[in-house]
Amino acid sequence: MTTPTVPTAENIRPDQIIVVQGTIEYARTASLIDGPELERRVKNSLSAYPTESPHTLINLSQPQIVPSDPAQFSWEEAYVQSLFFTHKKNPEKGVGYEAKNVTRNLPTLLALDPEVPGAHRQIVEPEGEIAKGTVVRIVVKTFQSKDAKTGRPHRKLGLGLEAIILSTAEVPYAPRAGARNLDLSSFGITVSEPLVATKGIENEPQNEIVGTDESGLPAAPVQPAAQQAVAPTQPVAPVQQAVAPAQPVAPAQPAAHQAVAPAVQQAVAPAAAAQPIVPVAPAYQVAAPVAPGAAAQGVAAPAQVAGNPDDPFAGAPAPNWGGAGIQPPA
57 MTTPTVPTAE NIRPDQIIVV QGTIEYARTA SLIDGPELER RVKNSLSAYP TESPHTLINL
117 SQPQIVPSDP AQFSWEEAYV QSLFFTHKKN PEKGVGYEAK NVTRNLPTLL ALDPEVPGAH
177 RQIVEPEGEI AKGTVVRIVV KTFQSKDAKT GRPHRKLGLG LEAIILSTAE VPYAPRAGAR
237 NLDLSSFGIT VSEPLVATKG IENEPQNEIV GTDESGLPAA PVQPAAQQAV APTQPVAPVQ
297 QAVAPAQPVA PAQPAAHQAV APAVQQAVAP AAAAQPIVPV APAYQVAAPV APGAAAQGVA
357 APAQVAGNPD DPFAGAPAPN WGGAGIQPPA
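Counting along the sequence shown from 1, when you hit position 218 you're at 274 in this note's numbering, and nothing is skipped either side.
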């Protein structure tokens, strides 16, 4: 039998550990993909062989192998590197890698132990998914499954996502579903915990509005006015008054006609032309617009992140390869 020259799923060894470092593009590792969600994913999948069983997964961008031996890749490490892919629709995203755990167990989540320097502790009950953009190291393991009907081992081996390793003591959780990721750092406002979606509760229908008196107490109901019986009107007898006969009046003497002087018409002077309106200066002064910025607001600029942002796993074995070759399988 000739020695293989290219690692494939048919010639890798089972139970081998491979560590990959990368930036989280998408993570679903805190809860299983199952039920209606799994059915919807299978229906909308473009893959020829979609995962139809409950599983978890993680997508990394810019993945790199962290070799157990810096001088050379193991056979299985070289196989995992061959699974790195380039985004066809978005080539600007660079290289990517996807790992799955096709079991009902969640991947082990490890964070730095603040009480034991250099050690990690397990996060047994994560509060949510890890935030996108977090640099992590994932542990994948080769396994050999068996045919459910015959019990014979499959010829091709698989890879399973076993663990996720963080470089921090606290888990950088992603915002909860429905919550807005508000970045207010430029205004000097920081949020100590991830935002949580809050759902509104529909109130009960309001009661009918009741009238109130001046003191605020419910007003007494208004009773309809009682109708009083009106006595029939009595006929009124006509009253006759004795009218004295009118005395003859002597004719009035004609008054002397007085010459009435015609009213003197005074010439009305034309109205003076309207004076132009002079704008009045406002009683207050409008402040000049303040240029945005931390200095203008009187807020100190946020401090720079300490440490090496390029590789949060500084001090651990670096994801590089000496280029001495690939160790063939034993």
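Ideal Cβ placement from N, Cα and C applies to all residues, glycine included.
Is the beta carbon of L213 sitting closer than 9 Å to the one on I121?
no
What is the residue span of the beta strand (DSSP E) that K197 lies within?
191-199
Using only alpha-carbon positions, find the residue among F199, D203, I179 that is nearest to L215.
F199
Rounded C-alpha distance that separates S117 from E171:
31 Å
Check for me: the alpha helix (DSSP H) holding V122 runs from which residue to which?
Not the alpha helix (DSSP H): V122 falls in the beta strand (DSSP E), residues 111-122.
Where E93 sits in the DSSP three-state scheme:
helix
So the candidates are L165, L222, D367, E154; which of them puts its Cα closest to the Cα of A86?
L165
In this structure, how does DSSP classify P358 when only helix, strand and coil are distinguished?
The predicted position of P358 is uncertain, since its pLDDT is 37 and thus under 50; a value taken from the coordinates is nonetheless stated next. Here P358 sits in coil by DSSP.
Identify the residues that DSSP records as bridge partners of T142: which are they?
V151
Do the CB positions of A155 and L113 come within less than 9 Å of each other?
yes
Run the CB neighbour count on Y105, radius 10 Å, all protein chains shown included, and call it buried at 16 or more, exposed below.
exposed
Could you say which of L240, Q383, P368, V158 lies nearest to G94 if we only look at CA atoms?
First, the amino acid is wrong: residue 94 is Leu here, not Gly. L94 has its Cα closest to that of V158, out of L240, Q383, P368, V158.
If you check the beta carbons only, do N115 and A167 fall under 9 Å apart?
no
Going by DSSP, what residues sit across from T159 in a beta bridge?
Paired residue(s): none; T159 is not in a bridge.
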